[in-house]
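Q:
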Amino acid sequence: MTIDLIDLRPAEAGDCDALATVHSAAWLGAYRGLLDGVELERLIARRPAAWWRSALSKGVKIQVLEVANEPAGYASYGSCRMSNLPYEGEIYELYLKPEYQGLGFGRALFQTVREALAAQKLEGLAVQVLSDNQSARAFYRALGGKLAAKSSYYSAGKPFELAVYGWPVRGKA
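According to full-length UniProt numbering, the sequence shown is numbered sequentially starting from 1.
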């Protein structure tokens, strides 16, 4: 007997409430202590279910990770927004609820998105991560990402450094 407990699939309109819930839990887990608490709550509040419905209606590509029929994570992706880098694809966000981290689900989600980008003929891949988020940086390094650039992000008038990790076109160094 085989029981499939993990599902990776494109997001649908009916996933918007779950995406908002996953986003909130993941951001609290990832950024509590790195971002000002009030600012973090404000950023999370900007992503209710209606925001996710709008994103999907505009064609934003989102993969949903379900574990035992419960949404546990998501990744959004598409063309690379950093034109100064040699990557055509980008993972905009990849988040898991904290209780699903460290179990291989993030790796599976990353691989699924990487394959989806390759199917779209987008060569190479970039990901931006808050430099102070050491667990995210370690995750991307473990997946073979190489530090490709640094950037910055402003939140509540305060600058934050971003690290950009890159993966070259498969088969090329």
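Beta carbons: idealized from backbone N, C-alpha and C, even for Gly. Owing to the predicted nature of the structure, the values given are computational and were not obtained by experimental measurement.
(1) Provide the residue(s) that pair with W167 in DSSP beta bridges, ordered along the chain.
(2) Counting C-beta neighbours from all protein chains within 10 Å, is the total for Y31 16 or more, i.e. buried, or is it exposed?
(3) Under the rule that 16 or more other beta-carbon atoms within 10 Å means buried, what is V164, buried or exposed?
(4) Could you check which residue in L85, A136 and S76 has the C-alpha nearest to that of W167?
(5) Tell me the rounded alpha-carbon separation between F110 and L94.
(6) Using only the alpha-carbon positions, how far apart do L103 and Y154 sit?
(7) Does DSSP classify Q63 as helix, strand or coil?
(8) Under 8 Å: do the segment 139-155 and the segment 17-27 share three or more Cβ pairs, one atom per stretch?
(9) Pick helix, strand or coil for I78, following the three-state DSSP scheme.
(10) Inspect the beta-carbon positions of G78 and Y92 and report whether they are closer than 8 Å.
(11) With the cut-off set at 8 Å, would you say D15 and V64 are in Cβ contact?
(12) Please give the ranges of any beta strand (DSSP E) in the segment 133-157, keeping only runs that are unbroken, at least 3 residues long and fully inside the region.
(13) Would you mind sorting residue 188 into buried or exposed? The rule is 16 or more other CB atoms within 10 Å of its CB.
(14) Nearest by alpha-carbon distance to E90: which of P71, K58 and L125 is it?
A: On the basis of the coordinates in this document:
(1) Note: W167 sits in a beta bridge opposite L125.
(2) With 16 or more other Cβ atoms within 10 Å, it is buried.
(3) V164 is buried by the Cβ-count criterion.
(4) Among L85, A136 and S76, the Cα nearest to that of W167 is on L85.
(5) For F110 and L94, the distance between alpha carbons rounds to 8 Å.
(6) In this model, L103 and Y154 are separated by some 32 Å (Cα to Cα).
(7) Shown here, Q63 sits in a strand according to DSSP, grouped into three states.
(8) The segment 139-155 makes no contact with the segment 17-27; the number of CB pairs closer than 8 Å stays below 3.
(9) The sequence shown places Gly at residue 78, not Ile. Correct three-state label for G78: strand.
(10) Yes, Cβ-Cβ distance for G78 and Y92 is below 8 Å.
(11) Between D15 and V64, the C-beta gap is smaller than 8 Å, which places the two residues in contact.
(12) If we require 3 residues or more, the beta strand (DSSP E) runs fully inside the segment 133-157 come out as 146-155.
(13) Absent from the structure is residue 188, since the part of the chain shown begins at 1 and ends at 173.
(14) Looking at the Cα atoms, L125 is the closest of the given residues.
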